[in-house]
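Novice:
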Amino acid sequence: MDDEKIVLDKKTFKALAVDSRIDIMKLLNTRQHTLTEISETLGYSNSTVKEHLDVLVKADLIKQKDEGRKWKYYKLTFKGKNFINPKEIKVLFAFTVSTIAAVSSTIYMVKPFMQSTTQSFAKVASDEAMLEAAPMMARTLSEPIVQNEPSLTVPLAILGASLLLIGFSLGYIFKKNDYIIKGGNSK
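Following numbering that gives the first Met the number 0, the numbering of the sequence shown begins with 0 at its first residue and continues without gaps.
1) What residue range is occupied by the uninterrupted beta strand (DSSP E) comprising K74?
2) Report all residues from its chain with a CB closer than 8 Å to the CB of S44; omit the five preceding and five following residues, and keep chain order.
3) Measure the C-alpha to C-alpha separation of L158 and K122 and round it to an integer number of angstroms.
4) Compare the beta carbon distance of K78 and Y72 with 8 Å and say whether it is the shorter of the two.
5) If L60 and A14 are in contact, beta carbons under 8 Å, what's the gap, nearest whole angstrom?
6) For K64, name the three-state secondary structure that DSSP assigns.
7) Let me check understanding here. Comparing Cα to Cα, which of R68, L55, L169 lies closest to K74?
8) Is the separation between the beta-carbon of S168 and that of T105 shorter than 8 Å?
9) Using the beta-carbon count (16 or more within 10 Å), is A58 buried or exposed?
10) When the distance is taken between beta carbons, is I165 closer than 8 Å to T98?
Here it is in structure tokens:
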């Protein structure tokens, strides 16, 4: 949970105070890059980019990914992603809260109907037992017993709307983050 806290300290402010570092972070937001790729893309010298990268690493906005290869890749940390894409974090939080609210309200709405349905079935069973036990009483009744069974259309409609909302939200998030696999170029 400590990873989710974003601390604004002196190093972070220093790192974010220079436009070149913001440009580097925006570039790293697309994918991980090497120092050479960053310098070629942004048009800075390797030494300048190295200095900026060191400041960003010290501020914990990016991290160096060393997998034992010749090239070392840089990528954004959670803290860095939150500065570049603050809306995505808020959208994900809002989606999570609304999903929990939709599911709990659906359960809250359906629960009384399920209980009353169970009670109505028990009442029907007891009524049938009484009718079998007292045939004389059954003959005196001139009209049949009408059972009022609760309708499940409202809770099912709420459940359906909640599931649609969740589905559309997931589709939006997955499309936004390019999780959907697209056909085409096989590079």
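The beta-carbon is built from N, C-alpha and C at its ideal position, and this holds for glycine as well.
Specialist: In brief:
1) Counting along the chain, the beta strand (DSSP E) containing K74 begins and ends at 72-75.
2) If you ignore the 5 residues before and after S44, its C-beta comes within less than 8 Å of the C-beta of S38, all in its own chain and listed in chain order.
3) Answer to the nearest angstrom: the Cα atoms are 28 Å apart.
4) No, they are not a contact pair.
5) Confirmed, about 6 Å.
6) Residue state, collapsed to three classes: strand.
7) Per the Cα distances, L55.
8) No. Outside cutoff.
9) Residue environment: A58 is assigned as buried (16 or more neighbouring CB atoms within 10 Å of its CB, all protein chains considered).
10) Yes, the Cβ-Cβ distance between T98 and I165 is below 8 Å.
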